[in-house]
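Residue 1 is where the sequence shown starts when you use UniProt numbering, and the numbers rise one by one after that. The C-beta atom is built at its ideal place from N, Cα and C for all residues, glycine as well. Note that the structure is predicted; figures quoted are calculated from it, not measured.
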Amino acid sequence: MLYQRLNIANIGAPYASFPEAPSILCLAAALLIAWFRPPSSEGPAAILAELFCWLWMFVWFEVLPWTGVPWACLQTPAASNSKIRLGAIAVGISFTALGRSLDNCRWIEKDNSPHTVNASILAGALGAAQWVFLFQATQELPWAIAATTGAFSAASFTGEQATRNVSTFTLKHLFAATTAIAQTVFELPASRFKHIIWLIVACPFLAIPSHHRDSISSMVGGDWSQAKDEPSRPINVLPLHYGKHPIEELVERSNNEFQSMLNSQSQVYEDAEAEYRRRYNIDPPRGFDAWFKFAQEKNSLIIDEFDTLFDCMEPFLKMSPGTIRKFMDEAMGPGHISRCGFREGKLTGDCGPRGITVQDMTAPFQHDLPDLDILINALDEPTVILSPEYGDGAVWDNRCEKDSRRCITAMCASEWPPHLETTRHQSLPKLPLSIPFIQDIQSSKDACAHPEYADLHGYYISPPSVQRIRRPVPILSQAKISTFSDVLMPSQIYLRGYDNLNDYGYVDDSAHDPDWEQKDSKLYWIGSNTGGGDSDDSWHVMHRQRFVALAQDRADETGGGSSSSAAVYLNETEPGVWAPWQGGNVLPGLADVHFHALRLCVWTECKAQMKYFETVDRQPDAAQYRYRFVMDLDGNSYSGRFYSHLRSRSVSLKMTIFREWHDDRLFPWVHYVPVSLGLRELPETMRFLATTDRGAAVARHIADQGREWWAKLLRPEDFQVYFYRLLLELARVVDEERVVET
1 MLYQRLNIAN IGAPYASFPE APSILCLAAA LLIAWFRPPS SEGPAAILAE LFCWLWMFVW
61 FEVLPWTGVP WACLQTPAAS NSKIRLGAIA VGISFTALGR SLDNCRWIEK DNSPHTVNAS
121 ILAGALGAAQ WVFLFQATQE LPWAIAATTG AFSAASFTGE QATRNVSTFT LKHLFAATTA
181 IAQTVFELPA SRFKHIIWLI VACPFLAIPS HHRDSISSMV GGDWSQAKDE PSRPINVLPL
241 HYGKHPIEEL VERSNNEFQS MLNSQSQVYE DAEAEYRRRY NIDPPRGFDA WFKFAQEKNS
301 LIIDEFDTLF DCMEPFLKMS PGTIRKFMDE AMGPGHISRC GFREGKLTGD CGPRGITVQD
361 MTAPFQHDLP DLDILINALD EPTVILSPEY GDGAVWDNRC EKDSRRCITA MCASEWPPHL
421 ETTRHQSLPK LPLSIPFIQD IQSSKDACAH PEYADLHGYY ISPPSVQRIR RPVPILSQAK
481 ISTFSDVLMP SQIYLRGYDN LNDYGYVDDS AHDPDWEQKD SKLYWIGSNT GGGDSDDSWH
541 VMHRQRFVAL AQDRADETGG GSSSSAAVYL NETEPGVWAP WQGGNVLPGL ADVHFHALRL
601 CVWTECKAQM KYFETVDRQP DAAQYRYRFV MDLDGNSYSG RFYSHLRSRS VSLKMTIFRE
661 WHDDRLFPWV HYVPVSLGLR ELPETMRFLA TTDRGAAVAR HIADQGREWW AKLLRPEDFQ
721 VYFYRLLLEL ARVVDEERVV ET
């Protein structure tokens, strides 16, 4: 028997008159293993280790002739021929578990570090030993104890539950574990030894003090500058990360890439012309030499990085100029489209709400522009979203209001519009991360690559307005989703910010923007629920509501997929080794996030949100600068706060699915911190940046970089340089002398 093989067989002698005593000891061993076994032992490595341990135990105790005393003391006569049965059960359970593990974990990139292998072997050995003890216990005891042992393991108080914000959760698990032990004892035959099983109850109770100390900060908030960095429960199935914290690596990568981009910009016209041909396989548009001279006069640091602009214009190069002009004429029905242009070096016509912006951006170079017309979208939202049969039917329709998800993604299966492949990130292999930090900002905004966005963003779910044109028309808009065909122009909000438009927080008063050391190390956002008009309970999954729910620790109830109980963190278990841990939500103690207004919803849903969220009065715009971290969220379209964040001494955290004109010159992890639409990485991002010295240094560097390069790359002169080049590209696509590409 097992304890005889371990040379402790003599302990059975005093209990010869109690034949069930060894079985009870085996049961106690199984219960203890169920408690001490690592909480996550799934994955091929762990299951293969368990299979190996199963087979080794079978060979050691049943096959090898030199192993000494047989299992007699733990077997009844009916079990004497158990070799084949035990081996079959072992192999069957192991392969079943292996199949389940492969099915559940096929999306996870495995890590074969020594730490993971050791943990897998331990988990496999304990798993095999647990079932061996259970099999031997059931030789004298009922099989029901296997179920109660499993219930005890599932109900035991673990580190994960220790970080929950509800203290009664702990008591519930303690009660369940105690009940499982009681059921186990009840199933045992009458014996004075069965009461030793009650001692196992002490395991969960003894674990409370240590887990409570580790999780007290997340349970009650408090001073997170002193918070313990290590969350509560390891996740062995997720890969370890070696080296610096992933955020530090992403910052280093992005800074190197940004500096490389700046250093590679053309300095003379011949180089700029050659680089244009290299990138786009086409000659520059007419007037490119005058544009280059203008860019140099304005000290523009960006000469070659206009991939986003060419991506907007390239589809129209495949259409005839006459067709484009015809479609532009047909697009003039709705009131949100304005038409103006340039004749003999002057701005003519009515550009609508963007008129002042267009005049300001073009005043220095109007005399050099060819005659052309432009269409401008007065809405914040984009408007050129096609269907595969774009040439049929009415020019405009509003059917997308009823099925916006389908409309936004309809063109994913079409060749229109053909998008230019950006060269950014192509030389950088993706980091194998257990937390989805954004590594490629362009990919993160690709609607076709992320079908899950249809259930995460208000613009997909219930857009306030969708004025869709069914023709490919070069209409200028301030922002767009990747499947739209609008041409991106700078926002008037951004440009007017230089005139201190107070509504958007552009007051340049250092008294309202203290130094970094004087700011509160928290994340700030106060706003309204714009971003989707809800007439049902769909607000639960809209992007702003999910963010506020997570920050206020209400995400478990929203159904939006950002459950606080599923938060994953990274803990540096030893220098350069970052292990994923699962714990409670740190954001309530690290954020000042509220709605100040709830609108764009029917009364019943507005009332439900008022009851659900903690709301505050609207705050002065300067209030955000009291915090080190400021959140920038999409509303109905892009966010007008972004530039005010960049120019401040705080660091901007930006979550968006919209593309804008500046995407080629602003780099994530250099000028701002990108946040994914799923929000899964946000708790660890804030934990690292706000509560650790290394993270605070990274955050301050990003804040300084954002402020510095806002003043160098986003000047009014940079708006003019971009818009000048946009108009040259537009003039080419409508030029009757242009030869259509094939």
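Taking a cut-off of 8 Å for Cβ pairs, the region 571 to 578 and the region 537 to 547 do not touch, as fewer than three such pairs fall below it.
For C312, the number of other beta carbons within 10 angstroms of its own is at least 16, and it is reported as buried. If you draw a 10 Å sphere on the C-beta of I385, you find 16 or more other C-beta atoms in it, and that means buried.
Taking 8 Å as the cut-off, the beta carbon of P436 is found closer than this to the beta carbon of E681. Going by DSSP, I324 is part of the alpha helix (DSSP H) stretching over 321 to 330.
Counting along the chain, Y459 sits inside the alpha helix (DSSP H) bounded by residues 458 to 461. Ranking I438, D621, L262, G533 by CA distance to the CA of V466 puts G533 first. With a minimum length of 4 residues, the unbroken runs of alpha helix (DSSP H) contained wholly in the region 516 to 585 fall at 543 to 551, 555 to 558. Annotated as distal: E741 and L301, with beta-carbon spacing of 8 Å or more. For the options A549, G527, E605, P668, the alpha carbon positioned closest to that of V616 is the one of G527. The DSSP-derived three-state label of H245 is coil.
Under DSSP, I374 takes part in a beta bridge, and its partners are C340.
Cβ neighbours of A447 within its own chain (closer than 8 Å, five residues either side excluded): I408, T409, C412, Y453, I481, S482, T483, I657. If you ignore the 5 residues before and after W710, its C-beta comes within less than 7 Å of the C-beta of Y643, L646, R647, all in its own chain and listed in chain order. If you draw a straight line from the Cα of A597 to the Cα of C606, it is about 10 Å long. Counting only the Cα atoms, Y569 lies some 7 Å from G583. The beta carbons of N255 and V670 sit closer together than 8 Å.
Following the DSSP letters along the chain, one finds V630 in no alpha helix (DSSP H) but inside the beta strand (DSSP E) bounded by residues 627 to 633. The alpha-carbon of D329 is positioned some 20 Å away from that of R354.
Residue pairing by DSSP puts S652 in a beta bridge opposite V630. Contact between R599 and N529 holds: their C-beta atoms lie close to 7 Å from each other, under 8 Å. Counting C-beta pairs with one atom in each stretch, the region 339 to 356 and the region 702 to 722 have fewer than three that are closer than 8 Å, which means they do not touch. With respect to the 8 Å criterion, I181 and I200 are classified as neighbours on the basis of their beta carbons.
Less than 8 Å divides the Cβ of Y524 from the Cβ of D592. With the rule of 3 Cβ pairs closer than 8 Å, the region 281 to 297 counts as touching the region 725 to 741. Of E381, E314, R279, the smallest CA-CA separation from I303 is found for R279.
The distance from the Cβ of Y627 to that of D520 is about 5 Å, consistent with a contact at the 8 Å cut-off. No Cβ-Cβ contact shorter than 8 Å links E314 with R665. Counting along the chain, no alpha helix (DSSP H) covers V466, and no H or E run does either. The beta carbon of K298 sits closer than 7 Å to the beta carbons of E717, Q720, V721 from its chain, once the five residues preceding and following it are set aside; these are given in chain order. Secondary structure of V268 (DSSP, three-state): coil. Taking V548 as reference, the option from E572, A274, L587 with the minimal CA-CA separation is L587.
By the CB criterion at 8 Å, V675 and S650 fall outside the cutoff. When only Cα atoms are considered, F186 and A567 end up about 38 Å apart. For the set Y612, W603, P683, V602, the Cα lying nearest the Cα of H594 is the one of Y612. C340 and I374 have their C-alpha atoms spaced approximately 6 Å apart.
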